[in-house]
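Visitor: Can you read through this structure? Questions will come right after.
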Amino acid sequence: MISQSPDALVFLRWVTTLTPLIGALIFPLLVPLVMIRFGVAAGVAAALVLTLLWFIAMLRTSEMAH
């Protein structure tokens with residue numbers, strides 16, 4: 676296992692804590708705005724891209740038991 680500095684661990688814990696919150700707040704705000712401004716197809720595409728990025732971020736920052 677690679678040891679990390681305490682600052683890196685604190686940062687990772689903040690990212691782990693904020694990832695679900697940020698995704699849950701940004702998604703319902705951004706998708707309707709994209710739909711209004713650019714149309715339904717762009718809104719669906721934005722929803723797919725945001726969901727994919729959020730899912731990847733959640734997997735990368737998850738704390739799994741070893």
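Quick note on numbering: the sequence shown equals residues 676 to 741 in my numbering.
Glycine included, every Cβ here is placed at the ideal spot set by N, Cα and C.
Span of the alpha helix (DSSP H) holding residue 698?
Guide: For the purposes of this step, residue 698 is taken as the residue at position 23 of the sequence shown. Segment 681-713, the alpha helix (DSSP H) holding residue 698.
Visitor: For residue 682, which residues from the same chain have a beta carbon less than 8 Å from its beta carbon, with the 5 sequence-adjacent residues on both sides left out?
Guide: In the sequence shown, counting from the first residue as 1, residue 682 sits at position 7. If we look at residue 682 and ignore the five residues flanking it on each side, it has no Cβ neighbours.
Visitor: At the level of alpha carbons, what is the spacing between residue 676 and residue 717?
Guide: Taking the first residue of the sequence shown as 1, we reach residue 676 at position 1. Taking the first residue of the sequence shown as 1, we reach residue 717 at position 42. Its pLDDT being 49, under 50, residue 676 is placed unreliably by the model, and the measurement read from it follows with that caveat. For residue 676 and residue 717, the distance between alpha carbons rounds to 43 Å.
Visitor: What number of angstroms, rounded off, separates the C-alpha of residue 728 from the C-alpha of residue 707?
Guide: Taking the sequence shown and counting its residues from 1, one reaches residue 728 at position 53. Taking the sequence shown and counting its residues from 1, one reaches residue 707 at position 32. Computed Cα separation, rounded: 18 Å.
Visitor: Measure the alpha-carbon distance for residue 705 versus residue 684 and round it to whole angstroms.
Guide: Stepping through the sequence shown from its first residue, residue 705 is reached at position 30. Stepping through the sequence shown from its first residue, residue 684 is reached at position 9. For residue 705 and residue 684, the distance between alpha carbons rounds to 30 Å.
Visitor: Given this structure, state the Cα-to-Cα distance separating residue 714 from residue 730, to the nearest angstrom.
Guide: Start at 1 with the first residue of the sequence shown, and residue 714 comes out as number 39. Start at 1 with the first residue of the sequence shown, and residue 730 comes out as number 55. Each residue's alpha carbon lies about 24 Å from the other.
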